[in-house]
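**Q**
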Amino acid sequence: DAKTTQPTSMDCAEGRAANLPCNHSTISGNEYVYWYRQIHSQGPQYIIHGLKNNETNEMASLIITEDRKSSTLILPHATLRDTAVYYCIVRTTINTGTASKLTFGTGTRLQVTL
Amino acid sequence: DTGVSQNPRHKITKRGQNVTFRCDPISEHNRLYWYRQTLGQGPEFLTYFQNEAQLEKSRLLSDRFSAERPKGSFSTLEIQRTEQGDSAMYLCASSPSGLGNQPQHFGDGTRLSIL
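So the protein lines, in turn, are chains D and Y. 1 is the number of the first residue of the first sequence in this note's numbering; add one for each residue after it. 115 is the number of the first residue of the second sequence in this note's numbering; add one for each residue after it.
1) Exposed or buried, which one is P157 (chain Y) when buried takes at least 16 other CB atoms within 10 Å?
2) Kindly indicate the opening and closing residues of the beta strand (DSSP E) around M203 (chain Y).
3) When the distance is taken between beta carbons, is P122 (chain Y) closer than 9 Å to S189 (chain Y)?
4) I need the straight-line Cα distance from G130 (chain Y) to Q198 (chain Y), nearest angstrom please.
5) Keeping to the same chain, check which residues put their C-beta closer than 6 Å to that of I48 (chain D); ignore five residues upstream and five downstream.
6) Could you pull the DSSP bridge partners for E182 (chain Y) from this structure?
7) Where does G50 (chain D) fall in DSSP's three states?
8) If the cut is a Cβ gap below 8 Å, which residues of chain D does L174 (chain Y) touch?
9) Does chain Y have any CB closer than 9 Å to the CB of R81 (chain D)?
10) Would you call the stretch 207-227 of chain Y and the stretch 144-152 of chain Y in contact, with 3 or more CB pairs under 8 Å?
11) Do Y86 (chain D) and L51 (chain D) come within 9 Å of each other at the CB atom, strictly closer than that value?
Right, dumping it as structure tokens:
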């Protein structure tokens, strides 16, 4: 299983872009990179995922390097409500391979400040 | 889409008692997952259902734990003879079938406290 490495914590000023890095140097060719976040006392919230190409949705952008060994989650205009723990996950295949569990690390605690 | 629903949100019980949690997945999601999360850690996988079939169980799921999904809709997770170490947040997630990269969507969990 590919493992990920994230900084323990980061700060970001409100209104600025938050760039959260993740290293996954042992990722396999068919493994996706997922990002979730967890606000205190809530379940993890899906943000975005990608395989090779950069992805963007209404919440964030995901930039994956060409060698796929690292990625960056970008929150373009961080607000106080974006304060949370952000998890970068490389999806593991279990069983027959068409469904897969998520292996969470300890994530990055993002603190957005005024 | 009402999201994944978990009940109860909080459960406090004495050591040695049995507890049962319920998860209602997003409708038409035929895959359902249970995870456990302890303080300061990320969630850990416990088990997975495709429809009513339990296809994978983690080594974390001791013989005191049992999960069911009898009609392929809601699921229950029971812990028998609870121990102090069972205190945690129990999370349920669901996803649709199809491509294996479909994201899982989580409920807000059941927080279990063992006295």
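Cβ atoms here follow ideal geometry from the backbone N, Cα and C, with glycine treated the same way. Just so we're clear, the structure is a prediction, and the values are computed from it rather than from any experiment.
**A** On the basis of the supplied data:
1) buried
2) A202 to S209 is the extent of the beta strand (DSSP E) around M203 (chain Y).
3) no
4) 9 Å
5) W35, E55, N57, A60 and L62
6) Y:T190
7) Strand, per DSSP.
8) Within 8 Å Cβ-Cβ: nothing; L174 (chain Y) doesn't reach chain D, min ~11 Å.
9) Interface residue (Cβ-Cβ distance to chain Y less than 9 Å): R81 (chain D) is not classified as such.
10) yes
11) no
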